[in-house]
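This report refers to the structure that appears directly beneath it.
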Amino acid sequence: MTQRRIKAAIIGSGNIGTDLMMKMVKYPQNMELIAVVGIDAASEGLQLARERGIATTHEGIDGLKAMAVYPDIGIVFDATSAYAHHAHDAVLRADGKQVVDLTPAAIGPYTIPTVNGDANLEQGNVNMVTCGGQATIPMVAAVSQVATVHYAEIVASVSSRSAGPGTRANIDEFTRTTAGAIEKVGGATKGKAIIILNPAEPPMMMRDTVFTLSEGADEETIRASVEAMVARVQAYVPGYRLKQAVQFERFGDNNRLKIPGQGSFTGVKTSIYLEVEGAGDYLPSYSGNLDIMTAAAKATGELLASRIVAQRRVAA
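Per this note's numbering, the sequence shown starts with residue 54, numbered consecutively.
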């Protein structure tokens with residue numbers, strides 16, 4: 054009989070890895086989490102995994118390879134660091150494992166489940182871009198699906214409390230990676246990304262602003278596309294929502310919009326204002342920036358698991 058649930062593992066027992074673990078345990082679909090890997094035997098993530106009957110190791114990738122369940126694992130989520138992921142990827146793919154990368158390493162193609170998840174199912178490694186990318190690129194793509202997007206700019210504002218040392222050390226990489234994915238996945242000719250760490254107390258939820266300048270579609274067509282995309286993202290991130298109605302401004306030859314370093318443009322400027330509330334599975338609800346990463350990774354894993362199940366069915 055064909056196995057319908059693909060066995061999976063998580064490398065990384067920190068905040069992101071632990072939140073992903075809790076989502077996979079609480080909302081099981083076509084994957085079964087059977088191993089969690091860390092480097093600190095006393096970490097809370099490994100303790101929570103053990104309490105739930107999940108096999109653990111604190112010896113990193115070598116410990117994972119030595120586990121009795123390793124041959125059964127089909128999908129591995131890496132929630133460590135870009136530096137560590139390069140080594141992990143080489144080992145895992147050599148052993149035939151499908152890799153979902155939650156780090157900034159970007160070895161595999163940028164993947165946003167609602168935009169291009171289906172297009173990357175044949176890839177051995179898929180990259181989840183950044184939290185800002187997961188929140189905003191669906192909106193850029195929604196506009197580019199109905200219009201030609203000349204320029205897109207996103208501003209991701211997150212609580213300072215939800216930005217750990219990894220995020221702080223990689224802010225420059227965040228902006229470059231997100232801007233690149235706005236173009237490659239979102240469909241904008243030129244993309245720009247800005248991140249703001251807000252120290253407000255009590256901590257604020259993730260807020261994202263998306264600006265696009267486009268031609269070829271009217272306001273109602275763009276609004277309908279944006280609202281449809283919001284609904285698609287909400288299927289795996291229930292706390293993802295428009296903070297207010299989509300705003301529009303028109304620019305013609307007599308009032309061209311000038312963007313420093315980009316030139317002047319005519320067309321429709323679309324302003325989209327988002328809020329992302331986390332599900333509170335492990336992280337606080339204000340950590341929507343981390344929640345959307347783990348939710349998107351789980352949704353991508355489910356797409357990959359469906360493909361693996363289909364392949365095994367054919368082979369059988």
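Here a beta-carbon is modelled for each residue, glycine too, at the ideal position from N, C-alpha and C.
Supposed close pair residue i, residue j - CB separation, criterion 8 Å
i, j, result
"Ala270", "Val168", "With 8 Å as the limit, Ala270 and Val168 do not qualify as a contact, their Cβ atoms being about 18 Å apart."
"Asn68", "Leu250", "In fact, because the Cβ distance is near 16 Å, the residues do not count as touching under 8 Å."
"Met282", "Ala194", "7 Å"
"Pro191", "Val286", "5 Å"
"Ile128", "Ile59", "6 Å"
"Gly244", "Ala188", "Not a contact, Cβ separation roughly 14 Å."
"Ser96", "Val202", "Rounded, the Cβ-Cβ distance is 43 Å, inconsistent with contact."
"Val279", "Arg57", "Actually they are not in contact, since the Cβ atoms of Val279 and Arg57 sit about 35 Å apart, beyond 8 Å."
Three-state secondary structure (DSSP) of residue i
i, result
"Glu268", "strand"
"Arg146", "helix"
"Gly106", "coil"
"Gln100", "helix"
"Ala273", "Reading the sequence as shown, one finds Glu at residue 273 and not Ala. Correct three-state label for Glu273: helix."
"Lys243", "strand"
"Asp131", "strand"
"Lys60", "strand"
"Tyr163", "strand"
"Thr55", "Any reading at Thr55 must be qualified, since the residue scores a pLDDT of 48, below 50, and its modelled position is unreliable; no value is offered."
"Ser66", "coil"
"Met259", "strand"
"Asp154", "strand"
"Gln300", "strand"
"Glu85", "strand"
"Thr220", "helix"
"Thr319", "coil"
"Ser15", "Absent from the model: residue 15. The displayed extent of the chain is 54 to 369, so no value can be given."
"Arg309", "coil"
"Leu250", "strand"
"Tyr136", "helix"
"Val279", "helix"
"Tyr326", "strand"
Selected residue, minimal CA-CA separation from residue i, among the options
i, options, result
"Asn180", "Ser359, Lys351, Ile361", "Lys351"
"Ile114", "Gly106, Lys150, Lys79", "Lys150"
"Pro81", "Gly354, Gln364, Met192, Val208", "Gly354"
"Ile64", "Thr110, Met346, Leu174", "Thr110"
"Ala241", "Ser215, Arg221, Gly217, Val196", "Val196"
"Asp357", "Glu112, Ala234, Glu175, Val122", "Going by the sequence as given, residue 357 is Leu instead of Asp. Checking every option, the nearest Cα to that of Leu357 belongs to Glu175."
"Tyr335", "Thr347, Ala140, Leu327", "Thr347"
"Val152", "Glu236, Phe304, Asn178, Ala172", "Asn178"
"Ile165", "Tyr136, Tyr289, Glu112", "Tyr289"
"Gly341", "Ser215, Val238, Glu280", "Ser215"
"Glu236", "Met75, Tyr123, Val182, Arg309", "Val182"
"Val263", "Gly185, Ile92, Ile361", "Gly185"
"Gly170", "Pro337, Thr71, Gly239", "Gly239"
"Met75", "Tyr339, Val367, Ala363, Ala332", "Ala332"
"Lys118", "Tyr326, Phe130, Asn223, Val90", "Val90"
"Ile126", "Ala159, Pro255, Thr133, Asp148", "Asp148"
"Asn223", "Ile312, Ala158, Ser66", "Ala158"
"Leu310", "Thr265, Leu327, Thr133, Met77", "Thr265"
"Ala135", "Gly161, Tyr339, Val122, Pro124", "Gly161"
Extent of the continuous alpha helix (DSSP H) to which residue i belongs
i, result
"Ile224", "224–237"
"Asn169", "166–169"
"Ala346", "One detail in the question is off: residue 346 reads as Met in this sequence, not Ala. Run containing Met346: 341–368, per the alpha helix (DSSP H) assignment."
"Gln187", "184–197"
"Ala332", "Per DSSP, Ala332 belongs to no alpha helix (DSSP H) and is neither H nor E."
"Gly113", "113–119"
Bounding residues of the beta strand (DSSP E) (the contiguous stretch that carries residue i)
i, result
"Val211", "201–212"
"Leu295", "293–295"
"Asn178", "178–180"
is_contact[residue i, chain C] using C-beta, thresh 8 Å
i, result
"Ala121", "Looking at the structure shown, chain C is missing, and only one protein chain is on hand."
Residue i: CB within 7 Å of a non-hydrogen atom of the ligand COA
i, result
"Gly341", "No copy of the ligand COA appears in this structure; indeed no ligand is present at all."
Is the stretch 230–245 touching the stretch 288–305 in the sense that three or more CB pairs, one from each, lie closer than 8 Å? In this structure the stretch 288–305 does not touch the stretch 230–245; the number of beta carbon pairs closer than 8 Å is below three.
Is the stretch 319–331 in contact with the stretch 270–290, if contact means three or more CB pairs nearer than 8 Å? Result yes; three or more Cβ-Cβ pairs closer than 8 Å.
When you compare the stretch 288–297 with the stretch 236–252, are there three or more beta-carbon pairs, one atom per stretch, that lie closer than 8 Å? Judged by Cβ distances under 8 Å, the stretch 288–297 makes no contact with the stretch 236–252, as fewer than three pairs qualify.
Assess contact between the stretch 135–146 and the stretch 101–108, defined as three or more Cβ pairs (one per stretch) separated by less than 8 Å. Is contact present? No, the stretch 135–146 is not in contact with the stretch 101–108.
Inter-stretch contact (C-beta, 8 Å, three-pair minimum) for the stretch 252–259 and the stretch 203–217: In the pairwise beta carbon analysis, the stretch 252–259 is classified as touching the stretch 203–217: at least three pairs are separated by under 8 Å.
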